[in-house]
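Visitor:
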Amino acid sequence: MKFKNIASAGHNFCHSFLSLMNYNSDQDTHIIDTVMKVRGKGYVIEIDFLSGEVQPDVLNSIAFQRNLGFYLKSLPESFESQHINLEMLSEFKLIWPLNEKLPLYHIQDSRGKEYSGSVKTHGN
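First residue of the sequence shown: 1, per the numbering used here; consecutive thereafter.
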C-alpha cells in the first residue's frame with residue numbers, strides 16, 4: 001500500500017469522471033454537463049465512490065447510474081495499478097459545494113489522514 005499515491009489517484013479518477021471523455025450516449029451529453037446543469041439549479045453535488053451514493057437525488061437517473069457504475073467497476077483496478085488498496089480508504093467522495101468554483105475530491109484513509117484538492121474541469 002502506497003499512501004503517498006492516494007491524492008494523485010483520487011484527483012486523476014475524479015478528473016477522468018468529469019472529463020469530456022466521459023460521454024453519456026443515453027442522454028446525448030457529457031457527464032460534466034449534467035453535473036453542471038444540476039449544480040446550476042442550486043444543488044450541492046456529492047458522489048461517494050465507495051458506496052455509489054449520489055446527491056442530490058435528481059442525479060440518480062438510470063443513465064447517470066449506468067455511467068457511474070462503469071466508473072465504480074474500474075475503481076479497484078485503477079487504484080490497484082497505483083498500489084492503493086481500496087479497503088484502506090474509509091471515504092472517497094467528489095464534492096462540489098455551491099461556494100466553490102471547482103469540484104473537490106476528498107479521501108480519508110484508514111489512519112484518519114485526509115487528502116483533498118480541486119479538480120479542474122472543462123470550462124473552468
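We put the CB at the ideal spot given by N, CA and C, even for glycine.
Could you tell me which uninterrupted beta strand (DSSP E) segments, each at least 3 residues in length, are contained entirely in the region 72-112, listed from first to last along the chain?
Guide: 89-96, 104-109
Visitor: Beta-carbon separation of Q55 and I62 under 9 Å?
Guide: no
Visitor: Thinking C-alpha only, which one of S81, S110, G42 is nearest F13?
Guide: S81
Visitor: Could you pull the start and end residues of the beta strand (DSSP E) that D48 belongs to?
Guide: 45-48
Visitor: For S16, which option in I31, K101, V58 has the closest C-alpha, if you only look at C-alpha atoms?
Guide: Of I31, K101, V58, the smallest CA-CA separation from S16 is found for I31.
Visitor: Going by CA-CA distance only, name the one from S78, I95, E100, L18 that's closest to Y115.
Guide: In terms of CA proximity to Y115, I95 leads the group S78, I95, E100, L18.
Visitor: Taking K93 as the reference, which of A9, K2, M1 has the closest Cα?
Guide: The candidate whose alpha carbon is nearest that of K93 is A9.
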